[in-house]
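As they're listed, the protein sequences go chains L and D.
Residue 1 is where the first sequence starts when you use our numbering, and the numbers rise one by one after that.
Residue 114 is where the second sequence starts when you use our numbering, and the numbers rise one by one after that.
For every residue, glycine included, the Cβ atom is placed at its ideal position computed from N, Cα and C.
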Amino acid sequence: DAKTTQPNSMESNEEEPVHLPCNHSTISGTDYIHWYRQLPSQGPEYVIHGLTSNVNNRMASLAIAEDRKSSTLILHRATLRDAAVYYCILRDNSGGSNYKLTFGKGTLLTVNP
Amino acid sequence: NAGVTQTPKFRVLKTGQSMTLLCAQDMNHEYMYWYRQDPGMGLRLIHYSVGEGTTAKGEVPDGYNVSRLKKQNFLLGLESAAPSQTSVYFCASLRSGSQGEQYFGPGTRLTVT
């Protein structure tokens, strides 16, 4: 499985934008970029995913580099509830992979009031 | 619509005891997954199932068995618990052919003494 590299931790202030980076230089053509987050003492929850184009949803935006070797998750206005571990995951969508997710250690986001 | 539920929420076992963790989903999803998460780590895949009656090994299957007799349920068994199996266990489900999200349960915290 192609690997991702994320900073161990990041800090932000409430109501400011947050840019969470992810490097994935060995990404393959069938890999989708997925982001999940895990709030304290909870199971992971889906945030967003994309293939080549930038994506927006109600939770966040995903900016994907033109060569697809890196991406950035953008939280437009961080709240205290956004404090979590954020995981950037490459998921093979070729079908044979059975859509398995391989989690790294993620980025621990701290949001200051 | 309860999503993904897990039973029990907490359990303490003595070494050598056996137990079964139950995962249930009411979304009619074909794919189901069992992960474990050790302190400070990301989730690791134990076993998964692509449909009723089928199971497959994940990254860390040793010491665990699974069964998927009904589409909505995925059982994880520990035949002879060991302290190394102390962890938080998460179940997830996914609709077949989905490019999107795995839905995770709230987790089961297991301690083996």
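Below-8 Å beta-carbon distance, residue i vs any chain L residue
{"i": "L158 of chain D", "result": "yes"}
{"i": "G213 of chain D", "result": "yes"}
{"i": "V163 of chain D", "result": "yes"}
{"i": "M154 of chain D", "result": "yes"}
{"i": "P219 of chain D", "result": "yes"}
Cβ neighbour criterion (16 or more within 10 Å) applied to residue i
{"i": "V47 of chain L", "result": "buried"}
{"i": "P121 of chain D", "result": "exposed"}
{"i": "G106 of chain L", "result": "buried"}
{"i": "E192 of chain D", "result": "exposed"}
{"i": "M145 of chain D", "result": "buried"}
{"i": "T5 of chain L", "result": "exposed"}
{"i": "E66 of chain L", "result": "exposed"}
{"i": "L207 of chain D", "result": "buried"}
{"i": "L62 of chain L", "result": "buried"}
{"i": "V125 of chain D", "result": "exposed"}
{"i": "G43 of chain L", "result": "buried"}
Residue range of the unbroken beta strand (DSSP E) whose run includes residue i
{"i": "L90 of chain L", "result": "A84 to D92"}
{"i": "R149 of chain D", "result": "Y144 to Q150"}
{"i": "Q119 of chain D", "result": "V117 to T120"}
{"i": "F123 of chain D", "result": "F123 to L126"}
{"i": "T110 of chain L", "result": "T107 to N112"}
{"i": "Y161 of chain D", "result": "L156 to G164"}
{"i": "T221 of chain D", "result": "T221 to V225"}
{"i": "S70 of chain L", "result": "S70 to L75"}
{"i": "M140 of chain D", "result": "That residue, M140 of chain D, is in no beta strand (DSSP E); it is neither H nor E in DSSP."}
Closer than 8 Å to chain D by CB, residue i
{"i": "P44 of chain L", "result": "yes"}
{"i": "H24 of chain L", "result": "no"}
{"i": "Y87 of chain L", "result": "yes"}
{"i": "H49 of chain L", "result": "yes"}
Chain-ordered chain L contacts of residue i [CB-CB under 9 Å]
{"i": "V125 of chain D", "result": "Going along chain L, no residue has its Cβ under 9 Å from V125 of chain D, so there is no contact; the nearest lies around 18 Å."}
{"i": "F187 of chain D", "result": "Result: empty, since nearest Cβ-Cβ is about 14 Å, beyond 9 Å."}
Listed by chain order, chain L residues near residue i by CB distance under 8 Å
{"i": "Y144 of chain D", "result": "N98 and Y99"}
{"i": "L207 of chain D", "result": "Y99"}
Per-residue contacts from residue i into chain D (C-beta, under 8 Å)
{"i": "G104 of chain L", "result": "G155"}
Residue-level contact to chain C via CB, residue i, 8 Å cutoff
{"i": "A169 of chain D", "result": "As a matter of chain content, chain C is missing from the structure shown, whose protein chains are L and D."}
Complete runs of the beta strand (DSSP E) confined to the stretch 5-63 of chain L [at least 3 residues] = 9-13, 18-23, 31-38 and 45-50
query = Which parts of the stretch 168-216 of chain D are runs of the beta strand (DSSP E), unbroken and 3 residues or longer, counting only runs that do not cross its ends?
reply = 178-180, 186-191 and 200-207
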